[in-house]
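Novice:
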Amino acid sequence: FIVIGTAMGMLLRFQCAGLKSMSRTAAGPNAISLKEGDFIVSMDVFQTQKHSHILLVTELGYGKRVEESALRTSKRGGHGSVGTKFKPDWADRLASVCCCSADDEAMIITRNGVVVRQAVAKISEQGRMATGVLVQNIE
Numbered sequence: 055f056i057v058i059g060t061a062m063g064m065l066l067r068f069q070c071a072g073l074k075s076m077s078r079t080a081a082g083p084n085a086i087s088l089k090e091g092d093f094i095v096s097m098d099v100f101q102t103q104k105h106s107h108i109l110l111v112t113e114l115g116y117g118k119r120v121e122e123s124a125l126r127t128s129k130r131g132g133h134g135s136v137g138t139k140f141k142p143d144w145a146d147r148l149a150s151v152c153c154c155s156a157d158d159e160a161m162i163i164t165r166n167g168v169v170v171r172q173a174v175a176k177i178s179e180q181g182r183m184a185t186g187v188l189v190q191n192i193e
């Protein structure tokens, strides 16, 4: 599967089998339909024998793991489904989407150059509608 995440927290999962190879100069097919003001922030390939979760991290340092089965498989060009919710009074956006397993480690790097390596298993597993937990203090 291919997983694509947008800044507004939408996730789209579709199968690689629907993609065909194209020339280098081709524009390619539409992967996801975006709402006005939204844009793609990250993409990863989900390998079912290797990965079990999708790790989501926001610009304000909140993160969570979502089970792969929580996302429905869609066709290319769809809007996707909500991957994470944001608090209404926060100006937060999704920063990264990464496919992982419980025994992986994640490195989180801030704009200020602070690097934190953390076990993925220590980041809580939550549903799609949850905000997540503070993984890295940005300030």
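Here the sequence shown is numbered in my numbering, starting from 55 and rising by one per residue. No residue lacks a Cβ here, since even glycine has one placed at the ideal position from N, Cα and C.
1. Checking 8 Å against the spacing of the C-beta atoms, do I86 and G117 come in under that value?
2. Evaluate C70 with the Cβ neighbour count: other Cβ atoms within 10 Å of its Cβ, from every protein chain shown; 16 or more gives buried, anything less gives exposed.
3. When burial is assigned at 16 or more other CB atoms within 10 Å of the CB, is V170 buried or exposed?
4. Provide the residue(s) that pair with H107 in DSSP beta bridges, ordered along the chain.
5. Just confirm the distance between the C-beta atoms of T138 and G63, as a whole number of angstroms; I'd bet it's less than 8 Å.
6. Rounded C-beta distance between S106 and A156? I'm assuming under 8 Å.
7. Return the Cβ separation of T112 and A149 in integer angstroms, given the expectation that the two are a contact with Cβ distance under 8 Å.
8. L212 lies in the beta strand (DSSP E); which residues open and close that run?
9. Which same chain residues end up closer than 8 Å to W144 when comparing Cβ atoms and leaving out the 5 residues on each side of it in sequence?
10. Residues in the same chain with beta-carbon distance under 8 Å from S100, minus the five sequence neighbours each way, listed in chain order, please.
11. Could you round the C-beta distance between L110 and V151 to whole angstroms and report it? I think they count as a contact, below 8 Å.
12. In whole angstroms, give me the CA-to-CA distance for K89 and L65.
13. When we look at the beta-carbon of T79 and count the other beta-carbons within 10 Å, is it buried (16 or more) or exposed?
Specialist: Quick answer:
1. no
2. exposed
3. exposed
4. E121, C154
5. 4 Å
6. 7 Å
7. 6 Å
8. With the chain covering only 55 through 193, there is no way to say anything about residue 212.
9. L114
10. Checking the displayed sequence, the identity of residue 100 turns out to be Phe instead of Ser. The answer, listed in chain order, is F55, I56, V57, R67, I108, E122, C153.
11. 6 Å
12. 13 Å
13. exposed
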